[in-house]
Structures are given as C-alpha cells and as structure tokens.
Amino acid sequence: DTEVTQTPKHLVMGMTNKKSLKCEQHMGHRAMYWYKQKAKKPPELMFVYSYEKLSINESVPSRFSPECPNSSLLNLHLHALQPEDSALYLCASSQSGTPDQPQHFGDGTRLSIL
Amino acid sequence: EDQVTQSPEALRLQEGESSSLNCSYTVSGLRGLFWYRQDPGKGPEFLFTLYSAGEEKEKERLKATLTKKESFLHITAPKPEDSATYLCAVRTNYGQNFVFGPGTRLSVLP
Chain Y
73 DTEVTQTPKH LVMGMTNKKS LKCEQHMGHR AMYWYKQKAK KPPELMFVYS YEKLSINESV
133 PSRFSPECPN SSLLNLHLHA LQPEDSALYL CASSQSGTPD QPQHFGDGTR LSIL
Chain X
117 EDQVTQSPEA LRLQEGESSS LNCSYTVSGL RGLFWYRQDP GKGPEFLFTL YSAGEEKEKE
177 RLKATLTKKE SFLHITAPKP EDSATYLCAV RTNYGQNFVF GPGTRLSVLP
C-alpha cells in the first residue's frame with residue numbers, strides 16, 4: 073500500500089459531466105503534484121502545489137482545475153473533458169518543493185471519457 | 117533543454133540472468149537522479165535517489181550507480197517478481213518538476 077491515497081480508483085464520465093479526483097497524504101509533505109500518464113509513456117507533470125500555493129501549471133487546459141484545500145489534500149476538478157483526456161492520473165507528494173527530494177506517488181485514478 | 121533517455125526500451129531475462137538498465141541524461145545543474153519501479157495499473161514506486169557522480173545505492177537485488185552522464189540500474193539474479201517498468205527521472209536546479217525518461221520494460225521469465 074502506498075502512503076498517497078487516491079480516489080476513486082476508476083472513473084468513467086461523459087464529456088458533459090463534472091467530477092473530481094481526490095488525493096490525500098499524511099506524511100507531512102508540503103509539496104503535491106498532479107501527473108497524467110498515457111499507456112506505455114512516462115508521467116507528464118500537470119500541476120505543482122508548494123505550501124498550498126499553485127507554483128507550476130504546465131499549460132494544462134482550463135477543463136482541468138486543481139485545488140489544494142489544505143496541506144494533506146489535493147483535488148483535481150474535471151469539466152467538459154475530451155476523449156483524449158482518458159489516462160491514468162497520478163498524484164505525488166514530496167517533503168518540500170526542493171529538487172533533491174523524491175516524490176512519492178499514489179496508485180492513480182484510471183479515467184475514461186466516453 | 118533537459119533530456120533523459122533510457123535503454124533498452126524492453127528487456128527479457130531468464131530468472132537468475134543478471135543485467136543492467138541504462139539512463140542517460142543531459143541536464144543543467146543536476147540536483148538528483150531518481151529510480152522508480154512501476155507495475156501495470158499502479159503508480160511509480162520510489163527505489164533510489166543518487167546525488168553525485170560515484171554514488172551507489174543498493175536494495176535487495178538492485179544496485180544503482182551514477183556517473184556525470186548516466187546512471188545504471190544493475191539487477192543481480194532477477195526473479196519474475198522483478199518484472200516491471202523501470203523509470204528514471206532527474207531534477208535540476210532550475211525546475212520543480214521531474215524530467216522522466218521513457219522507461220525500460222523488464223520481463224523476467226521463470
């Protein structure tokens with residue numbers, strides 16, 4: 073079991089739906105990340121939160137909206153997604169945002185857009 | 117531009133047949149090189165961090181080494197449960213994100 077918990081594990085939604093992905097960690101980490109991973113590809117960074125402030129947004133379409141309610145929780149709000157957004161969405165955390173610390177990943181949410 | 121490549125793309129080994137995976141990088145200001153293991157349908161599992169050339173880390177059948185241009189993940193006497201995709205990633209002085217390599221898919225046959 074990982075120490076980063078993501079829910080739900082699987083999500084199927086239509087292109088007009090609104091849904092949210094949730095991520096929780098209780099390791100006291102102060103940096104949290106959202107990644108998108110397509111099949112047989114490495115994870116691609118979407119967003120970085122450092123001390124609950126959005127510090128990196130890698131030119132992600134506005135149909136993805138991140139939120140960090142507190143230092144343990146990270147949400148990704150989804151609206152009007154496209155079929156090409158189907159992927160594994162991974163959450164990660166690290167002790168802080170400094171470059172020398174590893175990120176610890178959850179097992180992801182498998183998202184399918186109909 | 118920071119770049120990370122991995123070779124081979126895929127590797128099939130017989131159980132007990134030792135081998136090495138390569139991660140080559142071209143970055144400015146390396147702060148850390150990270151190895152992960154990823155099983156199908158799971159998130160990457162952290163294995164090692166290497167910070168400077170000459171450093172080595174070991175864990176069970178795995179040993180990671182680092183030079184100024186590349187890192188190797190040596191697998192000694194692998195078992196079928198070592199089958200996974202192995203990802204390396206680098207972090208630099210200038211960015212908060214990992215730059216991931218494309219991964220090596222390892223299959224260990226009994």
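Just so you know, the sequences run in chain order Y and X. Per this note's numbering: the first sequence = residues 73 to 186. Per this note's numbering: the second sequence = residues 117 to 226. Even for Gly, the Cβ is constructed at its ideal location relative to N, Cα and C.
Starting from the Cα of residue i, find the closest Cα among the options and give me that residue.
i: Leu137/X; options: Leu225/X, Val143/X, Thr192/X; result: Thr192/X
i: Glu130/Y; options: Glu116/Y, Tyr123/Y, Ser122/Y; result: Glu116/Y
i: Tyr105/Y; options: Ser184/Y, Pro174/Y, Arg182/Y, Ala152/Y; result: Pro174/Y
i: Gly148/X; options: Glu133/X, Leu166/X, Ser123/X; result: Leu166/X
i: Ala103/Y; options: Leu153/Y, Val120/Y, Thr79/Y, Leu83/Y; result: Val120/Y
i: Glu171/X; options: Pro160/X, Arg177/X, Phe162/X, Glu186/X; result: Glu186/X
i: Thr96/X; options: Gly217/X, Asp155/X, Pro160/X, His190/X; result: What the structure shows of chain X is the stretch from 117 to 226, and residue 96/X is not part of that stretch, so it cannot be assessed.
i: Tyr152/X; options: Thr201/X, Arg177/X, Pro226/X, Asn213/X; result: Thr201/X
i: His176/Y; options: His82/Y, Gly100/Y, Leu83/Y; result: Gly100/Y
Give the range of the beta strand (DSSP E) segment to which residue i is assigned.
i: Ser136/X; result: 135-142
i: His82/Y; result: 82-85
i: Thr121/X; result: 119-123
i: Arg221/X; result: 220-225
Have a look at residue i and residue j and give me their C-alpha separation to the nearest angstrom.
i: Leu162/Y; j: Arg135/Y; result: 17 Å
i: Lys158/X; j: Leu126/Y; result: 26 Å
i: Phe164/X; j: Asn142/Y; result: 29 Å
i: Cys204/X; j: Val76/Y; result: 20 Å
i: Pro133/Y; j: Pro194/X; result: 42 Å
i: Leu93/Y; j: Leu150/Y; result: 8 Å
i: Val206/X; j: Ser144/X; result: 10 Å
i: Leu222/X; j: Lys184/X; result: 25 Å
i: Glu125/X; j: Leu145/Y; result: 35 Å
i: Ser135/X; j: Thr208/X; result: 28 Å
i: Gln154/Y; j: Val215/X; result: 26 Å
i: Ser165/Y; j: Lys173/X; result: 22 Å
i: Ser123/X; j: Pro160/X; result: 18 Å
i: Leu189/X; j: Ser140/X; result: 11 Å
i: Pro114/Y; j: Asn147/Y; result: 22 Å
Contact criterion: CB-CB distance below 8 Å. Does residue i meet it with respect to chain X?
i: Gly100/Y; result: no
i: Asp179/Y; result: yes
i: Gln97/Y; result: no
i: His151/Y; result: no
i: Leu83/Y; result: no
i: Val51/Y; result: No information on residue 51/Y is available, as it lies outside the stretch 73 to 186 that chain Y covers here.
For residue i, decide whether its Cβ has a neighbour in chain Y, counting only Cβ atoms nearer than 8 Å.
i: Tyr141/X; result: no
i: Pro218/X; result: yes
i: Thr121/X; result: no
Give me the Cβ distance between residue i and residue j, rounded to the nearest whole Å; I'm assuming they're in contact under 8 Å.
i: Leu183/Y; j: Asp157/Y; result: 7 Å
i: Ala159/Y; j: Gln78/Y; result: That belief does not hold up - the Cβ atoms of Ala159/Y and Gln78/Y are roughly 13 Å apart, past 8 Å.
i: Glu131/X; j: Pro226/X; result: 5 Å
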